[in-house]
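In the numbering used here, the protein residues as written are 289 to 565.
Backbone N, C-alpha and C fix where the C-beta goes; we use that ideal spot for every residue, glycine too.
Note sheet for the following structure.
Printed below as a string of structure tokens:
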């Protein structure tokens, strides 16, 4: 989904190279061995072939629906429904990816798990510098710049009133970097603990079925935190984001909406052409 929102000119190139991109990303964390690398590359190629044949057409249909809806005003509820539709497209992909994920996770050595942990620590230090070690005004400025970049990819240049809608929405979002970093660390420790277990750190190694259940549990806890306070916080943040983007869209001109529709139509064409390749 991120690729489909990254820019029309880059979509096809990025999608066709996605197995290589994904391999290098995973290898950067786990420092894979030769056998692991061969297995992972083969599985990523298989996964992309499945995705191309089964998922790009539904994505194109969803993009077509967005074009139909974009000419009219919208609501926070409609934006959130679109968000939920995007998330539902991840479940079939998860099911297809699970066997390869289990195989890779069970092959990781304890040294490789420690390598992942060190990469997490490096990323956490950078996250703290960018979001915790700055004042609220700097955080808001950073959020606003990212939001403007995303919005103007679709609508073109926003006027002052439209920028004010984004800024007010972000200022009222309730973003709390302390809560966010605590959940980030919880997720990482959850994954690391499971990977240590799957790698046979003490005791008998689990079966593939047990490993699949363990990884599925990690993903479920990623999507829905076991921390009720964080769940409430995340739900409030999502609803506020839906409200902000609905208000922004409702304040756009007919010309801006047509520009957004044309951009989404280009993504749809890319998805359909990729599906035929």
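**Prompt:** Okay, do the segment 457 to 477 and the segment 508 to 520 touch, 3+ Cβ pairs below 8 Å being the bar?
**Reply:** With the cut-off at 8 Å, the segment 457 to 477 and the segment 508 to 520 touch.
**Message:** Measuring only the C-alpha atoms, how far is residue 460 from residue 398?
**Reply:** As a working note, residue 460 is residue 172 in the chain shown. As a working note, residue 398 is residue 110 in the chain shown. Distance between the alpha carbons of residue 460 and residue 398 is about 44 Å.
**For residue 402 and residue 551, the rounded distance between their alpha carbons** = To locate residue 551, count along the chain shown from 1; it is residue 263. To locate residue 402, count along the chain shown from 1; it is residue 114. For residue 551 and residue 402, the distance between alpha carbons rounds to 43 Å.
**Item:** When 383, 373, 359 are compared against residue 538, the one with the closest alpha-carbon
**Value:** Position 250 of the chain shown holds residue 538. Considering only alpha carbons, the answer is 359.
**Request:** Sort 457, 486, 344, 392 by Cα distance to residue 531 and report the nearest one.
**Result:** On the chain shown, position 243 is the one that residue 531 refers to. Comparing Cα positions, the closest option is 457.
**Prompt:** Helix, strand or coil for residue 291 per DSSP?
**Reply:** For this step, residue 291 is matched to residue 3 along the chain shown. Below a pLDDT of 50, predicted positions are generally treated as unreliable, and residue 291, at 47, falls in that range; no measurement from the model is reported.
**Request:** Can you grab the Cα-Cα spacing for the pair residue 540 / residue 337, in whole Å?
**Result:** Against the chain shown, residue 540 aligns to sequence position 252. Against the chain shown, residue 337 aligns to sequence position 49. Distance from the CA of residue 540 to the CA of residue 337, rounded to the nearest whole angstrom, comes to 39 Å.
**Request:** Would you kindly report the start and end of the unbroken alpha helix (DSSP H) that includes residue 397?
**Result:** Walking along the chain shown from the start, residue 397 turns up at place 109. Here residue 397 belongs to no alpha helix (DSSP H), and DSSP marks it neither H nor E.
**Request:** Decide if the segment 417 to 430 is in contact with the segment 342 to 354; the criterion is three or more beta carbon pairs, one per stretch, under 8 Å apart.
**Result:** no
**Item:** Minimum Cβ-Cβ distance from residue 407 to chain D less than 7 Å
**Value:** Given the protein chain composition of this structure (a single chain), no chain D is represented.
**Message:** Is the beta carbon of residue 328 closer than 7 Å to that of residue 393?
**Reply:** Reading the chain shown from its first residue, position 105 is the one you call residue 393. Reading the chain shown from its first residue, position 40 is the one you call residue 328. Going by C-beta atoms, residue 393 is not nearer than 7 Å to residue 328.
**Request:** Look at the alpha carbon of residue 497 and the alpha carbon of residue 542, and state the distance between them as a whole number of angstroms.
**Result:** Here residue 497 corresponds to residue number 209 of the chain shown, with the count starting at 1. Here residue 542 corresponds to residue number 254 of the chain shown, with the count starting at 1. Distance between the alpha carbons of residue 497 and residue 542 is about 54 Å.
**Request:** Please work out which residues of its chain come closer than 7 Å, Cβ to Cβ, to residue 499, disregarding the five sequence neighbours upstream and downstream, and give them in chain order.
**Result:** For the purposes of this step, residue 499 is taken as residue 211 along the chain shown, with counting starting at 1. Cβ-Cβ distances below 7 Å link residue 499 to 390, 393, 394, 486 in the same chain, with the five nearest sequence neighbours on each side left out; the list follows chain order.
**Nearest candidate by alpha-carbon position, reference residue 501, set 308, 416, 387** = Looking up residue 501 in the chain shown gives position 213. With distances taken between Cα atoms, residue 501 lies closest to 387.
**Request:** Classify residue 427 as helix, strand or coil using the three-state DSSP reduction.
**Result:** The sequence position of residue 427 within the chain shown is 139, counting from 1. Looking at residue 427 - three-state DSSP - the assignment turns out to be helix.
**Asked** How would you write the range of the alpha helix (DSSP H) that residue 322 sits in, first residue to last?
**Response** By 1-based counting over the chain shown, the position of residue 322 is 34. Going by DSSP, residue 322 is part of the alpha helix (DSSP H) stretching over 322 to 342.
**Message:** Let me check understanding here. Comparing Cα to Cα, which of 412, 378, 361, 332 lies closest to residue 314?
**Reply:** Here residue 314 refers to the residue found at position 26 when the chain shown is read from its first residue. That would be 332, whose Cα lies nearest to the Cα of residue 314.
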